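> In short: position in the sequence shown from 1, add 105, done, that's the working numbering.
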Amino acid sequence: MGETSENKEEAIYPEGYCPAVDIPVPDPNVRNQLLHLILSSAPEEVVDTDLFAVMEKRRSTRKFLDNWVEPSKVDKILAAADMAPTAGNFQGFEIFYVRDHNKKEKLVQACNNQPYVNAPVVLVFCKNPKRVKLNFPQEILEKFAVQDATLAAAYSQLTAHALGLSSIWIGMLDEKKVMEIIGTDLVPSSLLCIGYPQKKRLPKPKRNLKDLVHVT
Ligand SMILES: Cc1cc2nc3c(=O)[nH]c(=O)nc-3n(C[C@H](O)[C@H](O)[C@H](O)COP(=O)(O)O)c2cc1C
Numbered sequence: 106m107g108e109t110s111e112n113k114e115e116a117i118y119p120e121g122y123c124p125a126v127d128i129p130v131p132d133p134n135v136r137n138q139l140l141h142l143i144l145s146s147a148p149e150e151v152v153d154t155d156l157f158a159v160m161e162k163r164r165s166t167r168k169f170l171d172n173w174v175e176p177s178k179v180d181k182i183l184a185a186a187d188m189a190p191t192a193g194n195f196q197g198f199e200i201f202y203v204r205d206h207n208k209k210e211k212l213v214q215a216c217n218n219q220p221y222v223n224a225p226v227v228l229v230f231c232k233n234p235k236r237v238k239l240n241f242p243q244e245i246l247e248k249f250a251v252q253d254a255t256l257a258a259a260y261s262q263l264t265a266h267a268l269g270l271s272s273i274w275i276g277m278l279d280e281k282k283v284m285e286i287i288g289t290d291l292v293p294s295s296l297l298c299i300g301y302p303q304k305k306r307l308p309k310p311k312r313n314l315k316d317l318v319h320v321t
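1. Ends of the beta strand (DSSP E) at Phe-230?
2. How would you label Asn-223, buried or exposed, when you count the other beta carbons within 10 angstroms and need 16 or more for buried?
3. Check the DSSP bridge columns for Ser-294 and list the partner residues they point to.
4. With DSSP run on the structure shown, which of helix, strand or coil describes Pro-220?
5. Comparing alpha-carbon positions, which option in Leu-256, Pro-124 and Leu-314 lies nearest Lys-181?
6. Kindly examine ligand 1 and report whether one of its heavy atoms sits closer than 8 Å to the Cβ of Asp-231.
7. Compute every distance between the C-beta of Asn-217 and the non-hydrogen atoms of ligand 1, then say whether any falls below 8 Å.
8. Label Val-157 either buried or exposed according to how many other C-beta atoms from any shown protein chain fall within 10 Å of its C-beta, with 16 as the threshold for buried.
9. Exposed or buried, what is Thr-191 when buried is set at 16 or more other beta-carbons lying within 10 Å of its beta-carbon?
10. Would you check if the distance between the CB atom of Leu-212 and the CB atom of Val-227 is smaller than 9 Å?
11. Between Tyr-336 and Lys-304, is the Cβ-Cβ spacing less than 9 Å?
12. Name the DSSP bridge partner or partners of Val-203?
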């Protein structure tokens, strides 16, 4: 748990999320026991476990089926975020898993009326620079926190694709409105809206790798 007040912990870890699997007897000597259990357990369907294929084929979706997303897949998506590297391993971010339908509707408005924000799974990635216990100016800690949150969301996005889901990354958001809706004083960096895509589409064209890379 974070170094926050009791009230904030409640806000950060809302009631209602418990992974589909649990550890009957936690072993303090085993590192990341729950994460290992979630990440290594067989999901209902894995489309691709080849990282390179996942990266190559991933495509954003703004039209989702109404189908629910299996809790074991949500667990994996969340566990992937927890495995992302972070500055000093302080994990300067939090995830809000929005399940309340009214809150999702409000998030649509808070995100410039983008209707697909009301997706089967909605995750808000927030910065939590207070967790980053490094001796640097606040400005740097803020930068670390936004990078932590962004990288975690990217891990989740790739995992969603690997599980046969699709997603849309939402950066166009009104920070204050989102904070009010999810009930936190932590600033959001992005939303990840996830579900089964109505259509599977080809990846978008990219610029020539030779134009992207600058050797100095
Ligand atoms: C930082 C960032 C912010 C984004 N914000 C939005 C957004 O607010 N709304 C949206 O529809 N898509 C948003 N996207 C999705 C991009 O438009 C999309 O990833 C891009 O067009 C490439 O398409 P692809 O993901 O299918 O490869 C965002 C993506 C990133 C990385």
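Every residue gets a Cβ at the ideal spot worked out from N, C-alpha and C, and that includes glycine. Model, not experiment: these values are computed from the prediction.
Based on what the coordinates show:
1. One-based indexing of the sequence shown puts residue 230 at position 125. Run containing Phe-230: 226 to 232, per the beta strand (DSSP E) assignment.
2. Residue numbering aside, residue 223 sits at position 118 when the sequence shown is read from its first letter. In summary, Asn-223 is buried, with 16 or more beta-carbon neighbours lying within 10 Å of its beta-carbon over all protein chains present.
3. Against the sequence shown, residue 294 aligns to sequence position 189. Ser-294 pairs with nothing; no bridge assigned.
4. Position 115 of the sequence shown, counted from the start, is the residue given in the question as residue 220. In the three-state reduction of the DSSP assignment, Pro-220 falls in the helix class.
5. Your numbering for residue 181 matches position 76 in the sequence shown. Checking every option, the nearest Cα to that of Lys-181 belongs to Pro-124.
6. Here residue 231 is taken as the residue at index 126 of the sequence shown, counted from 1. One detail in the question is off: residue 231 reads as Cys in this sequence, not Asp. Not under cutoff, so the answer is no.
7. The residue labelled residue 217 in the question sits at position 112 within the sequence shown. Look at Asn-217: its beta carbon is less than 8 Å from one of the heavy atoms in ligand 1.
8. Taking the first residue of the sequence shown as position 1, residue 157 is located at position 52. Note that residue 157 is Phe in the sequence shown, not Val. With fewer than 16 Cβ atoms within 10 Å of its Cβ, Phe-157 is classed as exposed.
9. Here residue 191 corresponds to residue number 86 of the sequence shown, with the count starting at 1. It counts as buried.
10. Locating residue 212 in the sequence shown gives position 107, counting from the first residue. Locating residue 227 in the sequence shown gives position 122, counting from the first residue. Yes, Cβ-Cβ distance for Leu-212 and Val-227 is below 9 Å.
11. Here the chain comprises residues numbered 106 to 321, so residue 336 is not present and cannot be evaluated.
12. On the sequence shown, residue 203 is found 98 positions in, with the first residue counted as 1. Bridge partners of Val-203 according to DSSP: Val-227.
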